[in-house]
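Heads up: the structure comes next, in structure tokens.
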Amino acid sequence: MAYQHSLDGETLGLPVGKVVCVGRNYAEHAKELNNPVPTSPILFIKPATAIVPFTGEILIPKEQGSCHHELEMSVLIGKTLTNATEQEVKDAILGFGLGLDLTLRDLQSRLKEKSHPWEIAKSFDGACPLSGFVPASVVTDPMDMPLQLSVNGAVRQQGTTADMITPLYSLISYMSRHFTLQLGDVVMTGTPAGVAALQEGDQLEATLGDVLSCAARVV
Ligand code: ZN
Numbered sequence: 661m662a663y664q665h666s667l668d669g670e671t672l673g674l675p676v677g678k679v680v681c682v683g684r685n686y687a688e689h690a691k692e693l694n695n696p697v698p699t700s701p702i703l704f705i706k707p708a709t710a711i712v713p714f715t716g717e718i719l720i721p722k723e724q725g726s727c728h729h730e731l732e733m734s735v736l737i738g739k740t741l742t743n744a745t746e747q748e749v750k751d752a753i754l755g756f757g758l759g760l761d762l763t764l765r766d767l768q769s770r771l772k773e774k775s776h777p778w779e780i781a782k783s784f785d786g787a788c789p790l791s792g793f794v795p796a797s798v799v800t801d802p803m804d805m806p807l808q809l810s811v812n813g814a815v816r817q818q819g820t821t822a823d824m825i826t827p828l829y830s831l832i833s834y835m836s837r838h839f840t841l842q843l844g845d846v847v848m849t850g851t852p853a854g855v856a857a858l859q860e861g862d863q864l865e866a867t868l869g870d871v872l873s874c875a876a877r878v879v
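Take the sequence shown: its position 99, counted from the start at 1, is 759 in the working numbering, and no numbers get skipped.
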């Protein structure tokens, strides 16, 4: 099943654009990977070809070492944003959802050691499972939303968007100074601590507060 953007379960017919992501936006996660906390956001992009539905079965690469889950709050962009103010960002958000920033961690570590770009560890086909979105109006405070990932019934990642180093609107404003965001693009807002390798057969369950939940099995 090909991915399509949906809001409240209704397919939107929007273009599926790029995914703009941020590394190390939660201090506890930077710490668990022995990375310094950055002084400005570390941005990277996953292409539209990385997006798959966060439902049913999620296919992970098997031949390139560990593939880590990173559960993140995702944001569906509804308007063009270039050098946007925080208010313009707020007005451009169509909905909130959940995404996995799948990461080939061993490969990424090897590339980082050589100071090479780690694109292939983050942007491969299927590297960005996305849930459907809930309308922005449903989320009363997107800057304090709990998010949680369970694997085989055990909680692995638990956090709140209140712990982002660069908060939501200022993060997207910063992104828009580097990359124009367009209708149908998605922003991933960083992962709380608890990332770990996925195994074949793992059953994933993710929640965003009490407004959204999704589940999938790793194959
Ligand atoms: Zn991430």
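Positions of the beta carbon are idealized from the N, C-alpha and C atoms, including for glycine.
Item to check | Neighbourhood of ligand 1 [Cβ distance below 5 angstroms to any heavy atom], ordered by chain position | outcome: E730, D761 and T851
Next on the checklist: Do Q842 and L731 have their beta-carbon atoms positioned less than 8 angstroms apart in this structure?
Outcome noted: no
Item to check | Residues bridged to M803 (per DSSP) | outcome: Paired residue(s): none; M803 is not in a bridge.
Item to check | H838 - containing alpha helix (DSSP H), residue span | outcome: L828 to H838
Next on the checklist: Buried or exposed, going by whether 16 or more other CB atoms sit within 10 Å of the CB of A876?
Outcome noted: buried
Item to check | Endpoints, the beta strand (DSSP E) within which Q818 is located | outcome: A814 to T820
Item to check | Minimum C-alpha distance to G854 - residue among L767, L807, D870 and L790 | outcome: L807
Checklist entry - So V798 packs on V871, CB below 8 angstroms; how close in whole Å? => result 5 angstroms
Checklist entry - Which value, in whole angstroms, describes the spacing of the CA atoms of R684 and D801? => result 22 angstroms
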